[in-house]
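Chemist: With my numbering as the guide, the letters of the sequence shown map in order to residues 2 to 322.
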Amino acid sequence: MAKTSTVNLYNIHVKQLQKLLTESKKQKDPAYWLYLNKARKPLFMLESIALIVSRTTEDKKTTDWLKFFKKLEDVLGEIDHYDVLVKEFSAKKAIRKELVDYYKKKLEKILVKFNKKLVKREFYIPRLKEFANDNHPAFTKTLILKIKQQIINDVNAAALFFKDYAKGFHNFEEQVHELRRKIRWASIYGESLGGIIILKDTSKLYTWEKEFVTKEVLNSDFNKLPVRKGFPEYIHFNKKAFYALSYAIGKLGEIKDKGLSIEALSKSLEKTGTSKTKKPFDEASRMLGTRESEEDLLKQAHALLTKYYSTYKIHQELFKV
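1. For the pair the stretch 162-180 and the stretch 189-199, tell me if three or more CB-CB distances fall below 8 Å.
2. Quick one: which unbroken alpha helix (DSSP H) runs of 4-plus residues sit fully inside the stretch 4-70? Chain order, please.
3. Short check: CB of Val218 to CB of Tyr248, under 8 Å?
4. Given this structure, state the Cα-to-Cα distance separating Gly78 from Ala285, to the nearest angstrom.
5. Is it buried or exposed for Ala139, if we count other Cβ within 10 angstroms and need 16 for buried?
6. Between Met288 and Lys93, is the Cβ-Cβ spacing less than 8 Å?
7. For the beta strand (DSSP E) containing Asn1, list its first residue and its last residue.
8. For the pair the stretch 141-158 and the stretch 229-238, tell me if three or more CB-CB distances fall below 8 Å.
9. Can you give, in chain order, each stretch of the beta strand (DSSP E) that sits fully within the stretch 207-287 and has at least 3 residues?
10. Can you give the Cα-Cα distance for Trp186 and Lys105, rounded to whole angstroms?
11. So, is Arg41 buried or exposed, given that buried needs 16 or more other C-beta atoms within 10 angstroms?
12. Could you give the C-beta distance for Ile184 and Leu246, rounded to a whole number, given that I count them as a contact under 8 Å?
13. Compare the beta carbon distance of Thr203 and Lys240 with 8 Å and say whether it is the shorter of the two.
14. Given Asn38, which residues of its chain have a CB within under 7 Å of its CB, disregarding the five upstream and five downstream residues?
15. Who are the Cβ neighbours of Leu10 in its own chain at under 6 Å, not counting the five residues just before and after it?
16. So, at 6 Å on beta carbons, what are the nonlocal neighbours of Lys205 in its own chain, with the 5 sequence-adjacent residues on each side left out?
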């Protein structure tokens, strides 16, 4: 009989989410309270576990639960997007009130809709109880080895995705943001898989360490992975390559956020009919006080990933331990 993990990977995140949802019932604006109290984090963890298990087992129930967690996480992600834009735009004197109001209305609309859904669904507490009592695929050695291979496949697929744009990016959402989505899962699994992934030291010195393994990355709580006994198998990551991946995700996120902020403000200029030029993106850039054009930011993202994938081939080191 195959040895099976004695650890319930879902449990800690389910309990955290149940606690937040129960507490949100007492709040005047439960949806916004959940967002402020980082309910998206346990949802991300649950989504990531369900994602990798669904892809390696093709278990229908796990796939259904994945859809459930992703739907809730997407709503909080939308709230996050609009809230960040409202706060960012409100802080800039050059950005007119009607442009801020455009996103305030979008934020209010999603909050009203989600608050109604929370009440209707009894704050999803019955669903989480159902999930906690459900039978989930066991983390056997066979499953963990399949998970490892799937992560390897995903890392390689992301590299191929970048190869398709070897000459440069021209779209933030479809290229920069999409590639970041693809590479961040390997980093998220480090935490969500609750100890299955172990970071291994290496004495090898890399030419990219000074740039990609920074103090900020080393001190980040996201890179302090849980350590736990009880698994029949473990997945080992090259510690330096994992830190470099984290750096790339973080820097790409900074560039992506700048680009999406300019795109969002540009969109509000168009939708409100208040653009004073024929180039709303450039107008939005000036309002936000950035000298970087969309082309500049796309070039920055591409230069970063060219180093990561082509110059240093850091992605190929992740499993070399």
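In this text, a Cβ means the ideal position worked out from N, Cα and C, and glycines have one as well. Predicted model, so just to flag it, every value in this text is computed and none were measured.
Modeler: Checking against the coordinates, here is how it stands:
1. no
2. Counting only runs of 4 or more, we get 12-25, 31-37 and 41-58.
3. Start at 1 with the first residue of the sequence shown, and residue 218 comes out as number 217. Start at 1 with the first residue of the sequence shown, and residue 248 comes out as number 247. In contact: Val218 and Tyr248 (Cβ atoms closer than 8 Å).
4. By 1-based counting over the sequence shown, the position of residue 78 is 77. By 1-based counting over the sequence shown, the position of residue 285 is 284. Near 23 Å, if we compare the C-alpha coordinates of Ala285 and Gly78.
5. Translated into positions along the sequence shown, residue 139 becomes position 138. Counting the other Cβ atoms within 10 Å of the Cβ of Ala139 gives fewer than 16, which makes it exposed.
6. For the purposes of this step, residue 288 is identified with residue 287 of the sequence shown, where counting begins at 1. For the purposes of this step, residue 93 is identified with residue 92 of the sequence shown, where counting begins at 1. Yes, the Cβ-Cβ distance between Met288 and Lys93 is below 8 Å.
7. Given that the chain is displayed from residue 2 to residue 322, the structure contains no residue 1 and the question cannot be resolved.
8. Flag = yes, the stretch 141-158 and the stretch 229-238 touch.
9. You should have 236-239.
10. As a first step, residue 186 is located in the sequence shown; it is residue number 185 there, counting from the start. As a first step, residue 105 is located in the sequence shown; it is residue number 104 there, counting from the start. If you take the alpha carbons of Trp186 and Lys105, they lie about 31 Å apart.
11. Here the question's residue 41 lines up with position 40 in the sequence shown. Arg41 comes out buried.
12. Here residue 184 refers to the residue found at position 183 when the sequence shown is read from its first residue. Here residue 246 refers to the residue found at position 245 when the sequence shown is read from its first residue. Right, their Cβ atoms sit about 7 Å apart.
13. Indexing the sequence shown from 1 puts residue 203 at position 202. Indexing the sequence shown from 1 puts residue 240 at position 239. Contact: yes.
14. On the sequence shown, residue 38 is found 37 positions in, with the first residue counted as 1. Only Leu21 meet the Cβ criterion.
15. As a first step, residue 10 is located in the sequence shown; it is residue number 9 there, counting from the start. Contacts found: Ile50 and Gly195.
16. Position 204 of the sequence shown, counted from the start, is the residue given in the question as residue 205. Answer for Lys205: no residue qualifies.
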